[in-house]
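Scroll down for the structure; my scribbles are underneath it.
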């Protein structure tokens, strides 16, 4: 097993990521390790990585995630356009007026509204620098422990894409569908959505436990940070209505056609027509959108190529046999697969990028251990998402820190990463094993 090219490659990649090496470089180095420790000629490896193996319908190389990458880029443009309007600031004003004196309602409302950033208004973490800093003064007045708010934000960033087939959730479940089909298990999007909603249960349990644990008042140094003077004077103008129309169209089209790239493009065109995006600022909106999501989009392509190389090394079957022997049955197998997923996702910082990597191994391993198709879907989904909370390199932790550390009073590692790791990853492991045994 120690000479298995898949094992060597994943160990090298995870080690480099944990040593804070650039994720893309770590995956590329891991790919080279897989090639050098296998029988793949170096000259053929580049072609396999980019184009896949034409003799294998499920081996697409980087092309396996082209639709996903395009979805990310177009959603980045929508997020950029929304950030140039006052929509999120108006939402902040409404929230502040309603819940400014209710501590627990405030925290759970933050989690609730954060959920919309993954589907209804697909801006991902772009809303946090706009939404959270103006609310810090309210948090200080209520003596809220910001670790609870960090957990609420991470809940809102992670739970929707794991549990709902909308927005980024449509991308996530589409990746599971594509990679399971490519690795010999035929599934549809409806099969996946009928199972993955269960992932919301451990996330909700974790959020409730976090709010209870961090219920004690915590005081922070007072700063001049407050709601801007013009905050109460914001109104819905042409840009805001145009952007809102684009959001509505994007949301409706993705439900109707189930194609996120087409839905995002439709939303952008409606924003243009409705003046939500000014024609003269179109280039800057696209530039900012690509800058926001371009890295993760390209990471998706690299991860797909890496998954293809792992399959072509021929080491997957050997690893599956060894893992099934070591696991000692379904219980050990579920724990092993979810644990490996935790390490991989924490290493690369992207649950979306983890799917092509782990599906290559997990599909045959789950079949050999006797897991049902539904259980396999759930294990892959949970194993991919589990390390998102708690990873120092993940958007789900970096985003909350950016918003909450506006006055220097919030530590990324100790106030965001550690709390979210404990309160989300541990319940995901426990419930992940229980549900996978029941399905």
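Numbering (this note's numbering), first residue to last: 7 to 445.
Every residue, glycine too, gets a C-beta built ideally from N, C-alpha and C.
The model shown is predicted, which means the values in this text are computed figures rather than measured ones.
**Message:** If I measure Cβ to Cβ from residue 349 and keep anything under 8 angstroms in the same chain, skipping five residues before and after, which residues do I get?
**Reply:** Excluding sequence neighbours, residue 349 sits near 20 and 393.
**Request:** Give a yes or no on contact between the stretch 192-203 and the stretch 162-171, applying the rule of three or more CB pairs nearer than 8 angstroms.
**Result:** yes
**Message:** If you reduce the DSSP assignment to three classes, tell me which class residue 74 lands in.
**Reply:** helix
**Prompt:** Rounded to a whole number of angstroms, what is the C-alpha to C-alpha distance between residue 270 and residue 252?
**Reply:** When rounded, the separation of the alpha-carbon atoms in residue 270 and residue 252 is 9 angstroms.
**Message:** If contacts are defined as beta-carbon pairs under 8 angstroms, then residue 302 and residue 291 qualify, I think. What distance do you get, rounded to the angstrom?
**Reply:** With 8 angstroms as the limit, residue 302 and residue 291 do not qualify as a contact, their Cβ atoms being about 18 angstroms apart.
**Request:** Please classify residue 160: does DSSP put it in a helix, a strand, or coil?
**Result:** helix
**Asked** Can you give the Cα-Cα distance for residue 127 and residue 361, rounded to whole angstroms?
**Response** 24 angstroms
**Beta-carbon spacing of residue 307, residue 53 below 8 angstroms** = It is not a contact, given that the beta carbons lie outside the stated cut-off.
**Request:** Assign residue 166 to one of two classes, buried (16 or more other C-beta atoms within 10 Å of its C-beta) or exposed (fewer than that).
**Result:** buried
**Request:** Can you give me the Cβ contacts of residue 15 inside the same chain, cut-off strictly under 6 angstroms, excluding the 5 residues immediately before and after it?
**Result:** Within the same chain, residue 15 has close Cβ partners 36, 39 and 40.
**Item:** Helix, strand or coil at residue 20 according to DSSP, with G and I counted as helix
**Value:** helix
**Item:** Euclidean distance between Cα positions of residue 337 and residue 443
**Value:** 7 angstroms
**Request:** Please go through the same chain and pick out, in chain order, the residues whose beta-carbon is closer than 6 angstroms to the beta-carbon of residue 429, but skip the five residues on each side of it.
**Result:** 157, 212, 215 and 216
**Message:** If you follow the alpha helix (DSSP H) that residue 267 is in, where does it begin and where does it stop?
**Reply:** First-last of the alpha helix (DSSP H) with residue 267: 266-279.
**Item:** Environment of residue 104 [buried if 16+ CB atoms lie within 10 Å]
**Value:** Exposed, by the Cβ-count rule.
**Request:** Closer than 6 angstroms by C-beta to residue 448: which residues in its own chain qualify, once you throw out the five before and the five after it? Chain order, please.
**Result:** Outside the displayed range of the chain (7 to 445) lies residue 448, so it cannot be described from this structure.
**Prompt:** Is the beta carbon of residue 435 less than 8 angstroms from the beta carbon of residue 344?
**Reply:** yes
**Message:** In whole angstroms, give me the CA-to-CA distance for residue 233 and residue 265.
**Reply:** For residue 233, the predicted model reports a pLDDT of 48, less than 50, meaning its position is unreliable; a value from the coordinates is still stated below. Approximately 39 angstroms, taken between the alpha carbons.
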